[in-house]
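FYI, in numbering that gives the first Met the number 0 the residues of the sequence shown are 0 to 154.
Beta carbons: idealized from backbone N, C-alpha and C, even for Gly.
Have a look at the structure below, then the notes.
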Amino acid sequence: MKRQIVVTATVLATLLMSPMLGVSQPSPTGSQEPGYWQPLATVNVNRPVSLTVINNTGIPLEYSARNSPIQRIGAGGRVVLGDYTINPNAQSDRERNLNVPINPPIEGYGQVLLHFDIDSNVRNNNVTVTVRPANPGERIDRELYFDENGRVYVF
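Here it is as structure tokens:
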């Protein structure tokens, strides 16, 4: 009986950790195409990129960028992550694009669904994202993605 419970728990954990379909998909041509997978902003890849995260969720959030340790931003907090380079000609994905996951900490808040409001008016190559709880029927966001052409997507 104990073995059956362990096997069932393992199978359920594996299913819950499976990749999910992203709500944004980069356009192969970079042009605007019908659908919900449009870039929400664009940055200049010839200059360092920074990101301002504003936490309007009422709970703490965890974030990381470019293999940095996980950091926390408190409820109502604001943090500027900056001076990232995006090199379209780099050999590694780490330098060719930028991924920034932003999620609630698992303990106590794991079920809070987030929505990222991106300010499409990029100033000084800084993208501002306001994180808030998702409303019913809204896109659920977990990560910002800057592609090698400077287009900003959410997944």
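Where Ile117 sits in the DSSP three-state scheme | As a first step, residue 117 must be located in the sequence shown, where it is residue number 118. Strand, per DSSP.
Nearest-angstrom Cα separation, counted from Ile139 out to Tyr108 = Translated into positions along the sequence shown, residue 108 becomes position 109. Translated into positions along the sequence shown, residue 139 becomes position 140. The straight-line gap from Cα to Cα measures roughly 15 Å.
Excluding the 5 residues preceding and the 5 following Asp118 in the sequence, name in chain order all residues of the same chain whose CB lies nearer than 6 Å to its CB.
-> One-based indexing of the sequence shown puts residue 118 at position 119. These residues qualify, in order along the chain: Thr127.
By DSSP, does Arg46 sit in helix, in strand, or in coil?
-> Numbered from 1 along the sequence shown, position 47 holds the residue referred to as residue 46. In this structure, Arg46 counts as coil in the three-state DSSP scheme.
Are Pro59 and Gly81 touching if we call contact CB-CB under 8 Å?
-> As a first step, residue 59 must be located in the sequence shown, where it is residue number 60. As a first step, residue 81 must be located in the sequence shown, where it is residue number 82. No, Cβ-Cβ distance for Pro59 and Gly81 is not below 8 Å.
Buried or exposed: which applies to Val153, given that a residue is buried once 16 or more other Cβ atoms fall within 10 Å of its Cβ?
-> Along the sequence shown, read from residue 1 onward, the residue named residue 153 stands at position 154. By the neighbour-count criterion, in which 16 or more other beta carbons inside 10 Å mark a residue as buried, Val153 falls on the buried side.
Alpha-carbon spacing of Asp156 relative to Gly57, whole angstroms = In the structure displayed, the chain extends from 0 to 154; residue 156 sits before or after that span and is not available.
Thinking C-beta only, is Arg150 closer than 8 Å to Pro68?
-> Residue 68 sits at position 69 when you count from the first residue of the sequence shown. Residue 150 sits at position 151 when you count from the first residue of the sequence shown. Not in contact: Pro68 and Arg150 (Cβ atoms no closer than 8 Å).
In this structure, does DSSP put Asp146 in helix, strand or coil?
-> The count along the sequence shown starts at 1 and reaches residue 146 at position 147. Asp146: coil per DSSP, three-state reduction.
So, does the CB of Glu106 fall closer than 8 Å to a CB anywhere in chain C?
-> Any reference to chain C falls outside this structure, which holds one protein chain only.
Does the distance from the CB of Leu113 to the CB of Val130 come in under 8 Å?
-> By 1-based counting over the sequence shown, the position of residue 113 is 114. By 1-based counting over the sequence shown, the position of residue 130 is 131. Yes, the Cβ-Cβ distance between Leu113 and Val130 is below 8 Å.
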